[in-house]
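Numbering (the working numbering), first residue to last: 3 to 331. We treat Cβ as the ideally placed atom computed from N, Cα and C, and that holds for glycine. Report on the following structure.
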């Protein structure tokens, strides 16, 4: 049985808890969140309506008074600047970490100072830390890297992830700009609050696995524009407003594009799918028709990574560094 402390109980954290409650080999023994509306409440009642006798605490020290978890699931923020001190605190209690922080998935190029800080302290404490999720963490980086295992040579990697966001969580729809005017979309794009976080990290992880030193990367964001009035269960979108986002990432060696990642998430995308195209010897094409449900997959991969991060060598890891993650029962 793996004993878990959950830190961060927003919509994703609550969904992860629901998935854990379906497992017989994982148990949450402590929970932390800074939301005053959650502190002091029963975790099970908040997440699935069933009392669990786990009371949500405001800080980690209080949550750990009467328990000693094997691992932490950290699902709070997406950026390295805010996650680093949270990670350092958890490590100080002697607990390894699986986090949903997108920038943590491969921060060695985008934020090397904080990556080194976490890595050195994790090694000092003899613990492992990993950032993962469906994307980044699997579909647009770990999966295409693994598919090249059967290649004698690789010249180019393309990954396409197209998603109909109609039935995704409201926070996800908001994150991709669904319903925004184009002016507001552009403002949010410019201040960095509207983007799929982690595309550059995915490019860098693939490049590192291939042994490629990139000369530059690009991360281009554009709105998907509504051609007519559109209404979903939760959102009304006027004609000419944003249905969602198209984001294209490129990794170059010299003037040649070696890695091309295309991410499109919008209300009403006609076909959802995930696809990897590898040009090499041999050429490889892999397509998942219907696409991978991001909410299910992120919760599942976080839980399935728990035994691997517990047994991993110490330090800040990527999904390419730890033992192969799979479902376990």
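From the options, residue whose alpha carbon lies closest to that of residue i
i	options	result
residue 228	211, 30, 187	187
residue 326	132, 253, 171, 241	132
residue 315	223, 91, 29, 122	122
residue 75	16, 48, 52, 54	16
residue 321	206, 330, 95	206
residue 34	48, 23, 21	48
residue 56	9, 308, 169, 94	9
residue 286	277, 115, 293, 310	277
residue 23	46, 39, 234	46
residue 21	309, 301, 330, 95	301
residue 223	267, 284, 313, 234	267
Start and end residues, beta strand (DSSP E) containing residue i
i	result
residue 221	218–227
residue 324	Where residue 324 is concerned, there is no enclosing beta strand (DSSP E), given that its DSSP letter is neither H nor E.
residue 34	28–34
Inter-residue spacing [alpha-carbon to alpha-carbon] between residue i and residue j
i	j	result
residue 190	residue 249	14 Å
residue 106	residue 197	16 Å
residue 216	residue 261	10 Å
residue 50	residue 126	38 Å
residue 179	residue 82	22 Å
residue 73	residue 305	11 Å
residue 201	residue 230	29 Å
residue 332	residue 210	Residue 332 cannot be examined here, being either before or after the span of the chain that is shown, 3 to 331.
residue 342	residue 58	Residue 342 is absent from the structure shown; the chain starts at 3 and stops at 331.
residue 79	residue 124	20 Å
residue 272	residue 13	26 Å
residue 219	residue 251	7 Å
residue 269	residue 232	9 Å
residue 239	residue 245	7 Å
residue 104	residue 154	31 Å
residue 172	residue 26	30 Å
residue 241	residue 184	11 Å
residue 258	residue 157	10 Å
residue 317	residue 243	45 Å
residue 212	residue 145	13 Å
residue 113	residue 161	24 Å
residue 192	residue 237	23 Å
residue 175	residue 181	9 Å
residue 29	residue 281	43 Å
residue 226	residue 247	5 Å
residue 328	residue 307	8 Å
residue 7	residue 64	12 Å
residue 88	residue 275	35 Å
Sheet register partners of residue i (DSSP bridge)
i	result
residue 11	DSSP lists no partner for residue 11.
residue 289	277
residue 181	Answer by DSSP bridge pairing: none, since residue 181 is not bridged.
residue 198	None, per the DSSP bridge assignment.
residue 317	130
residue 172	For residue 172, which the question treats as bridged, DSSP gives no partner whatsoever.
residue 4	28
Range of the contiguous alpha helix (DSSP H) that encloses residue i
i	result
residue 294	That residue, residue 294, is in no alpha helix (DSSP H); it is neither H nor E in DSSP.
Closer than 6 Å: residue i CB and nearest the ligand ADP heavy atom
i	result
residue 104	As far as ligands go, the structure on display features none, and thus does not contain the ligand ADP.
List, from N- to C-terminal side, the alpha helix (DSSP H) runs of 4 residues or more that fit wholly inside the segment 129–165. 144–149
Report the residue ranges of all beta strand (DSSP E) runs contained in full by the segment 232–285; include only those spanning at least 3 residues, in chain order. 244–255, 258–268, 275–283
Where are the alpha helix (DSSP H) runs, 4 residues long or more, that stay fully inside the segment 35–121, in chain order? 45–50, 62–65, 82–94
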